[in-house]
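What follows is a short report on a single structure.
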Amino acid sequence: MLAFLRSGSRGDLVATTLITLLWAGFATLLLLQTLSVSPTVWQDSFSYEAVSKMPLLSSSFWAGMRPPLVPLVMRVVGYGEGFTVFQTVVAAIAWAALVIAVGSYLRSSLHRTIAALVILGFGLSSPIAQWNCEVLSESLAISSLVLLFAGFLWVARGATRTRVVLLTAMATCFATLRDTGVITVAFLAIGCLILGLSLRKRALRIADPWRILSVALLSVALVTSAGVSYSGRFTTTIDDVYTVRVFPFPNRVNWFASHGMPDAAAVQQLGKTTMPSAPPAAKIVFLPQGGSRFTSLYQWMNSRGSSTYMLWLLSHPSYDLTAPFVRPELAFNFANGDLFFYQATGWLSFFASPLLWPSAQLLAVLAVVAGLAMVLSRAWRRVRWRITFMFTLVGLFAMLVAWHGDGQETTRHTVEGFAEFRLGLWLLLLFALDSPPRSRIPLDVWRRGSYARATNRL
């Protein structure tokens, strides 16, 4: 993977030394940020801790009220500073892996240095690094996603069985950190299948590893989704969704009533008597706890609420794509969309964060520039671009799934998808600006227990 060491030229040696020093400074600053503040504990932190104290071989641990990997880490490293230091170290390793993976595709030492600056700067930006201080799943989820990204680029250079197995293990870790990770892995499985099909005309065997990965990732998604289903964790989130996205809207209540939802008239009356929330928050219609007034509705939501809500989303595609941007306030406990609400007091912010994590307007400009650069450089013809584009698109879908899948804390829950989307745009731009000359596509062949390594650049 260390392509910048191939030629052994003086420029390569200088670039390697500089990138190593950049990473050392990056890792040091990450650790200083974490150690400069006390670990931030939230309500969800206590639930992770509670799961970690369950018997290790019990269903309450592996399919309980929280995904199992964070509680498993807590059992090993502790609940406070030990946990935050551990996830900071994992973050430093993950971003280093991505720097190496991306650098192995770039031709010049200057481009590799620029890529390292952008990638490490992005990993140090406040919306990413601030989660290292939190006793939550966000930091490990983002780090696992970065490792998964690097792993895909690694497999594209030479798909040995070991690499495919390791990449599948990374996907398993990612899917067991957050329930939305299951959907991301499923999307990546579909993306691998499409990637393999897109390469069939150009080389007979190069599609083989992507088909195998597609099956492996789909298996991971199915197994982990079975755990989510068994745990019943979706019951709480679907209640939140109905509270803020269905019950306050009479026309939606009527639609759900026509699809079997009971107590529609009582819900309509409850909505009329519920006072609107203070702007910019949306109106929230909570069902009263206790009593038997809405017993039938609760039973219906537990049994058919998720499937009916999914049907409603499928029948309203324009809403699905636009609501998180047009009506982001359709949530509660979401900090009014301010990510820095979750930032620890006294945390050392990185000065370049606004540039590397731009506003929505600048993000649109970055997307246009990356797209134009791809077309002009013809980088879209290369496997590395297709992998990066796949991750970028999957990140956008993951954000939409996270927003539609819960009615509260959407600011926090969507940060993983937004990070994937934004990082993908930066890498698409970096790959396009590198503008390598056209090269042949290697024919990876499964033989002697592994795919032949691709010695030329993809």
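Take the sequence shown: its letters are residues 59 to 516, numbered as in the working numbering.
Using N, Cα and C, we set each Cβ at its ideal position, and we do this for glycine too.
Predicted, not measured: the structure shown is a model, and the values here were computed from it.
Just checking my contact of residue i with residue j at CB under 8 Å: how many whole Å lie between their CB atoms?
i      : j      : result
Trp415 : Arg480 : 6 Å
Thr282 : Val223 : Wrong, their Cβ atoms sit about 17 Å apart, outside the cutoff.
Thr27  : Phe489 : No answer is possible for residue 27: it lies beyond the span of the chain, which begins at 59 and ends at 516.
Leu178 : Trp153 : 6 Å
Ser277 : Gly254 : The Cβ separation is near 16 Å, so there is no contact.
Gln70  : Ser167 : Position check: residue 70 holds Asp in this sequence, whereas Gln was assumed. Contact holds; Cβ gap of about 5 Å.
Phe232 : Ala208 : So it is not a contact: roughly 12 Å between Cβ atoms.
Pro125 : Thr234 : 5 Å
Ala85  : Ala150 : 4 Å
Leu90  : Leu406 : 7 Å
For residue i, tell me which candidate among the options has the shortest Cα-Cα distance.
i      : options                        : result
Arg219 : Leu388, Thr92, Arg442, Trp268  : Trp268
Leu440 : Ala214, Thr293, Met333, Asp297 : Note that residue 440 is Arg in the sequence shown, not Leu. The shortest Cα separation from Arg440 among Ala214, Thr293, Met333, Asp297 belongs to Ala214.
Pro346 : Thr301, Arg385, Phe307, Asp378 : Thr301
Ala284 : Thr92, Gly465, Pro97, Trp120   : Trp120
Phe307 : Thr295, Gln327, Phe292, Thr294 : Gln327
Ser197 : Thr142, Val72, Phe344, Pro125  : Thr142
Ala217 : Trp443, Asp266, Ser202, Ser417 : Asp266
Leu487 : Leu379, Thr450, Leu235, Ser272 : Thr450
Gly122 : Leu87, Ser350, Val99, Arg236   : Arg236
Ser183 : Ile252, Leu88, Leu485          : Leu88
Gly395 : Gly404, Trp405, Val384         : Val384
Phe210 : Ser195, Gly138, Ala155, Trp438 : Ala155
Gly482 : His462, Arg442, Tyr137         : Arg442
Gly465 : Thr98, Met368, Thr230, Thr295  : Thr295
Given residue i, which residues of its chain have a CB within under 7 Å of its CB, disregarding the five upstream and five downstream residues?
i      : result
Ala315 : Ala322
Glu467 : Asn391, Phe392
Arg362 : Gly318
Ser526 : Outside the displayed span of the chain (59 to 516) sits residue 526, for which this structure offers no information.
Leu485 : Val160, Thr446
Thr380 : none
Thr92  : Thr142, Val143, Thr146, Asn190, Cys191
Leu194 : Trp100, Asp102, Ser103
Asp492 : Leu164, Arg165, His169
Ser354 : Pro320, Asp321
Thr98  : Cys191, Glu192, Val193, Ala402
Ala279 : Ala233, Val240, Val243, Ala244, Ala247
Report the rounded CA-to-CA distance for residue i versus residue j, giving the unit in angstroms.
i      : j      : result
Arg310 : Leu76  : 58 Å
Gly290 : Ser118 : 11 Å
Ala477 : Ala339 : 24 Å
Val325 : Thr472 : 29 Å
Arg165 : Cys191 : 36 Å
Val95  : Val131 : 21 Å
Thr171 : Leu371 : 44 Å
Ala389 : Ala159 : 38 Å
Tyr106 : Thr226 : 25 Å
Ile342 : Tyr356 : 17 Å
Leu413 : Ser287 : 40 Å
Val426 : Gln188 : 28 Å
Ala274 : Leu206 : 14 Å
Ala261 : Val157 : Confidence at Ala261 is low in this model, with a pLDDT of 48, below 50, so the placement of that residue is unreliable and no value is reported for it.
Ser256 : Trp212 : 19 Å
Thr293 : Gly463 : 11 Å
Ile186 : Leu430 : 27 Å
Val148 : Phe180 : 16 Å
Gln444 : Met432 : Before going on, a small fix: residue 444 reads as Arg here, not Gln. In a straight line, the C-alpha of Arg444 is about 11 Å away from that of Met432.
Val304 : Asn312 : 10 Å
Val204 : Ser350 : 48 Å
Ser373 : Tyr367 : 10 Å
Val299 : Phe344 : 11 Å
Met112 : Ser364 : 28 Å
Tyr377 : Trp438 : 30 Å
Leu397 : Thr332 : 29 Å
Looking only at its chain, what residues have a beta carbon closer than 8 Å to the beta carbon of residue i, apart from the 5 residues adjacent to it on each side?
i      : result
Trp358 : Gly318, Met319, Pro320
Val452 : Thr242, Phe245, Leu246, Gly249, Glu478
Ala460 : Thr238, Thr468, His471, Thr472, Glu474, Gly475
Ala418 : Phe383
Gly404 : Ser94, Val95
Among residues of its own chain, excluding the 5 on either side of residue i, which ones have a beta-carbon nearer than 6 Å to its beta-carbon?
i      : result
Phe399 : Ala393
Lys330 : none
Leu454 : Phe479
Ser110 : Pro129, Met132, Arg133
Asp297 : none
Gln401 : Gln188
Tyr137 : Glu107
Met457 : Thr472, Gly475, Phe476
Leu251 : Ser272
Q | Contained beta strand (DSSP E) runs [length at least 3] in the region 81-147, N- to C-terminal order | A | Those beta strand (DSSP E) runs which fall completely within the region 81-147 and span 3+ residues do not exist here.
Q: Starting from the N-terminal side, write out each stretch of the alpha helix (DSSP H) that is 4 residues or longer and does not extend beyond the region 238-309.
A: As summarised for the region 238-309, the continuous alpha helix (DSSP H) elements at least 4 residues long and confined to that stretch are 238-257, 266-289, 292-303, given in chain order.
Q. Which whole runs of the alpha helix (DSSP H) in the region 370-416 are 4 residues long or more, in chain order?
A. With a minimum length of 4 residues, the continuous alpha helix (DSSP H) runs that stay inside the region 370-416 are 375-384, 411-414.
Q) Which runs of the alpha helix (DSSP H) spanning at least 4 residues fall entirely within the region 437-493, listed in chain order? A) Within the region 437-493, complete alpha helix (DSSP H) segments of at least 4 residues are found at 441-462, 468-471, 473-492, given in chain order.
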